[in-house]
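Colleague:
Residue numbers (this note's numbering): 151 to 694.
1) Please determine, among 320, 265, 417, the residue with the shortest C-alpha to C-alpha distance to residue 682.
2) For a test of the three-state rule: what should DSSP assign to residue 312, helix, strand or coil?
3) What's the gap between the Cα of residue 658 and the Cα of residue 337?
4) Comparing C-alpha positions only, which one of 572, 662, 495, 595 sits nearest to residue 631?
5) Can you name, in chain order, every residue of its own chain whose Cβ lies under 8 angstroms from the Cβ of residue 686, other than the five neighbours on each side?
6) Using DSSP bridges, identify the partner residues of residue 486.
7) Are the region 548 to 556 and the region 511 to 523 touching, with three or more C-beta to C-beta distances below 8 angstroms?
8) Between the Cα of residue 556 and the Cα atoms of 634, 485, 537, which residue gives the shortest distance?
9) Going by beta carbon distance, what residues of the same chain come within less than 8 angstroms of residue 573, once the five residues before and after it are set aside?
10) Could you tell me if residue 570 is buried or exposed, where buried requires 16 or more neighbouring beta carbons within 10 angstroms of its beta carbon?
11) Give the secondary structure of residue 481 by DSSP, where H, G and I count as helix, E and B as strand, and everything else as coil.
12) Assuming residue 249 contacts residue 559 (C-beta within less than 8 angstroms), just tell me the rounded distance between them.
13) Tell me whether residue 432 is buried or exposed, calling it buried when 16 or more other Cβ atoms sit within 10 Å of its Cβ.
14) Would you kindly work out how many angstroms separate the C-alpha atoms of residue 170 and residue 517, rounded to a whole number?
15) Given residue 697, which residues of its chain have a CB within under 7 angstroms of its CB, disregarding the five upstream and five downstream residues?
16) Between the alpha carbons of residue 267 and residue 259, how many angstroms are there, rounded?
17) Could you tell me how far apart the beta carbons of residue 439 and residue 424 are, in whole angstroms, since I believe they sit closer than 8 angstroms?
18) Residue 527 and residue 576 look like a contact to me (Cβ under 8 angstroms); what is the Cβ gap, rounded to whole Å?
19) Which word fits residue 646, buried or exposed, when buried means at least 16 other C-beta atoms lie within 10 angstroms of its C-beta?
20) Going straight from the alpha carbon of residue 418 to that of residue 454, what length do you get?
21) Answer with buried or exposed for residue 649, where buried requires no fewer than 16 other C-beta atoms within 10 angstroms of its C-beta.
22) Against chain D, with Cβ distances strictly below 9 angstroms, would residue 233 count as a contact?
23) Under three-state DSSP, which class holds residue 224?
24) Is the CB-CB distance between residue 597 and residue 236 below 9 angstroms?
25) Give the DSSP bridge partners of residue 336, in chain order.
26) Among 304, 403, 241, 470, whose alpha-carbon lies nearest the alpha-carbon of residue 435?
27) Which residues in the same chain as residue 314 place their Cβ atom closer than 7 angstroms to its Cβ, once the five residues preceding and following it in sequence are excluded?
28) Is the beta carbon of residue 372 sitting closer than 9 angstroms to the one on residue 651?
29) Considering only residues of the same chain and omitting the five flanking positions on each side of residue 343, which have a CB-CB separation below 6 angstroms?
30) Can you tell me whether residue 268 is helix, strand or coil according to DSSP?
31) For residue 635, which residues of its own chain have a beta-carbon under 7 angstroms away from its beta-carbon, when the five flanking residues on both sides are left out?
32) Determine the burial state of residue 240: buried for a count of at least 16 other Cβ atoms within 10 Å of its Cβ, exposed for fewer.
33) In this structure, how does DSSP classify residue 622 when only helix, strand and coil are distinguished?
34) Measure the CB-CB distance between residue 624 and residue 276 and report whether it falls below 9 angstroms.
35) Please confirm whether residue 449 and residue 546 have their CB atoms less than 9 angstroms apart.
36) Checking 9 angstroms against the spacing of the C-beta atoms, do residue 413 and residue 350 come in under that value?
Laid out in structure tokens, this is it:
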């Protein structure tokens, strides 16, 4: 059971990933479809020049090697070491090209972005489960570019600064909540992330993790996690099977229809409420209000597509940010010396008479390095970022077929000892010579200048990178300023080691773990309470 199911209430569930469900596809393919539909080196001699890679099983390829999310990180690192910076695998009928060096990512996803910016064909996740409306899965083309243009205009660096009052307010709530219920830090961080992105998108604040909207949003996130797991559905590995009766393959079609009914209802309710509020003058200033006022229909964006566009920002900015904060908390338990260095820096620069603010970021290089290291150490998902090639191509002497899934293999890049010595260790010091923001490094011409790849690459780089960077900085810095994080102890005084595994699913969500979070001094507690009370008294005002 995933963390989404645990907290999301009674939500839809898809077929579980198991080997019994996987082998049904070869039964049908053996009847003739496989040999007829799937390219091979006898049909196309160029395929003899595919990048090197591990041998797979007949029909399913390397599916079982990649189906275990807990092991896939080690597997792709192993293959990188054995086969080099560009290697090949196959899942079902689909070619996978794994880019495992900054140079290969730069050369293809950046320099050849015109043909490496699409997404794989996903009959379930995009066509049925998302009604062809989810930007995350949308093929590269005019529709995607138009939606992306709106997202960039409303989430660029200048726009992101207008959302800082939201992050300031909500991070003060986090500090107050950690004072009163430190044992609930895991959901406190989740509420923070969800509330920030909901305020930015729809102007809706989430005051507690029991808010009914949380249940709905995590229902949507559960569907995404199920649909995105490699090999979970035969039809995603063998897209041609979409033309056969859905009941042959775990009723994927009926499951997708239920997902779409649920998700679209959640997103359309939010969108229609926003439209009504905008017309009668009650809607708060927010991304979706600006989007609606831009008249998206003139560009062919109907209400359903608009609702999914706004919903996609919620998907991208809620659990991903919370996952990073909770992974950072875990790192503080495992590497207390890093926490001590960060606190020493904060004390030296800020002292105890005020809370850290956004303007302090430039003077806190170790804290900034710590956030970068968290995103390197545990990037937001377990599998990397998937693009798709829209033309046949050649790279470094290797053939890359059209419609290949091209993976930004950040687990291999981030754990490459030639780039990051002692890669399994959490060492913020490795980034002290990288003072720029993630967005600035994304735009660097030098591929080896990139700090990390957690925000993606090419034309599909995360449009909310500026917002995410500030959300992480303000809450992590203020938590370090006010609290000490340490391992729990049992009644006999022995230290309880935290759980370090990740939950099932696509994202790198840590399993819930225990820790002690204690305020650093009575003076810190007094200022935390005063700051929170002042924020509550003055209210949240932004973009007015």
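All residues carry an ideal CB built from backbone N, CA and C; glycine is no exception.
Modeller: According to the structure shown:
1) Within the chain shown, numbered from 1, the residue matching residue 682 stands at position 532. Here the closest residue by C-alpha is 320.
2) Reading the chain shown from its first residue, position 162 is the one you call residue 312. Residue 312: coil per DSSP, three-state reduction.
3) Your numbering for residue 658 matches position 508 in the chain shown. Your numbering for residue 337 matches position 187 in the chain shown. One C-alpha to the other measures close to 16 angstroms.
4) Along the chain shown, read from residue 1 onward, the residue named residue 631 stands at position 481. Here the closest residue by C-alpha is 495.
5) Against the chain shown, residue 686 aligns to sequence position 536. Closer than 8 angstroms at Cβ, skipping near neighbours: no residue.
6) Counting from one through the chain shown, the residue named residue 486 turns up at place 336. According to DSSP, residue 486 bridges with nothing at all.
7) no
8) For this step, residue 556 is matched to residue 406 along the chain shown. Looking at the Cα atoms, 537 is the closest of the given residues.
9) Counting from 1 along the chain shown, the entry for residue 573 is found at position 423. Same-chain partners within the cutoff: 564, 565, 566, 567.
10) Within the chain shown, the letter at position 420 stands for residue 570. With 16 or more Cβ atoms within 10 Å of its Cβ, residue 570 is classed as buried.
11) Reading the chain shown from its first residue, position 331 is the one you call residue 481. The answer is helix: DSSP assigns residue 481 an H, G or I state.
12) For the purposes of this step, residue 249 is taken as the residue at position 99 of the chain shown. For the purposes of this step, residue 559 is taken as the residue at position 409 of the chain shown. Yes, residue 249 and residue 559 are in contact; Cβ-Cβ is about 6 angstroms, under 8 angstroms.
13) As a first step, residue 432 is located in the chain shown; it is residue number 282 there, counting from the start. Exposed, because fewer than 16 other Cβ atoms sit within 10 Å of the Cβ of residue 432.
14) For this step, residue 170 is matched to residue 20 along the chain shown. For this step, residue 517 is matched to residue 367 along the chain shown. Interpretation of residue 170 is limited by its pLDDT of 43, a score under 50 that renders its predicted location unreliable; the figure taken from the coordinates is listed afterwards. So the alpha carbons of these two residues sit roughly 47 angstroms apart.
15) Nothing in the structure corresponds to residue 697, since the chain is present only between 151 and 694.
16) Numbered from its first residue, the chain shown carries residue 267 at position 117. Numbered from its first residue, the chain shown carries residue 259 at position 109. Rounded to the nearest angstrom, the two C-alpha atoms are 7 angstroms apart.
17) Translated into positions along the chain shown, residue 439 becomes position 289. Translated into positions along the chain shown, residue 424 becomes position 274. Confirmed, about 6 angstroms.
18) As a first step, residue 527 must be located in the chain shown, where it is residue number 377. As a first step, residue 576 must be located in the chain shown, where it is residue number 426. Correct: roughly 5 angstroms between the Cβ atoms.
19) Numbered from 1 along the chain shown, position 496 holds the residue referred to as residue 646. Exposed, since its Cβ has fewer than 16 Cβ neighbours within 10 Å.
20) Position 268 of the chain shown, counted from the first residue, corresponds to residue 418. Position 304 of the chain shown, counted from the first residue, corresponds to residue 454. Going by the C-alpha atoms only, they are around 7 angstroms apart.
21) Within the chain shown, numbered from 1, the residue matching residue 649 stands at position 499. Answer is exposed; the Cβ neighbour count stays below 16.
22) Within the model displayed, chain D is absent; a lone protein chain is all it includes.
23) Within the chain shown, the letter at position 74 stands for residue 224. Residue 224: helix per DSSP, three-state reduction.
24) The residue given as residue 597 occupies position 447 in the chain shown. The residue given as residue 236 occupies position 86 in the chain shown. Contact flag unset, no.
25) As a first step, residue 336 is located in the chain shown; it is residue number 186 there, counting from the start. According to DSSP, residue 336 bridges with nothing at all.
26) Translated into positions along the chain shown, residue 435 becomes position 285. Of the listed residues, the one whose Cα sits closest to residue 435 is 304.
27) What you label residue 314 is simply residue 164 of the chain shown in a count that begins at 1. Cβ neighbours of residue 314 beyond the five flanking positions: 508, 620.
28) The sequence position of residue 372 within the chain shown is 222, counting from 1. The sequence position of residue 651 within the chain shown is 501, counting from 1. Cβ distance not < 9 angstroms, so residue 372 and residue 651 don't count as in contact.
29) Numbered from its first residue, the chain shown carries residue 343 at position 193. Contacts found: 468, 471, 472.
30) Residue numbering aside, residue 268 sits at position 118 when the chain shown is read from its first letter. Strand, per DSSP.
31) Stepping through the chain shown from its first residue, residue 635 is reached at position 485. Closer than 7 angstroms at the Cβ level, and outside the excluded window around residue 635, lie 479, 482, 483, 489, 665, 667.
32) As a position in the chain shown, residue 240 is number 90, starting the count at 1. With 16 or more other Cβ atoms within 10 Å, it is buried.
33) Here residue 622 is taken as the residue at index 472 of the chain shown, counted from 1. Note: residue 622 maps to helix in three-state DSSP.
34) Your numbering for residue 624 matches position 474 in the chain shown. Your numbering for residue 276 matches position 126 in the chain shown. Result no, Cβ atoms of residue 624 and residue 276 do not sit closer than 9 angstroms.
35) Along the chain shown, read from residue 1 onward, the residue named residue 449 stands at position 299. Along the chain shown, read from residue 1 onward, the residue named residue 546 stands at position 396. No, the Cβ-Cβ distance between residue 449 and residue 546 is not below 9 angstroms.
36) Walking along the chain shown from the start, residue 413 turns up at place 263. Walking along the chain shown from the start, residue 350 turns up at place 200. Against a cut-off of 9 angstroms, the Cβ pair of residue 350 and residue 413 comes out as no contact.
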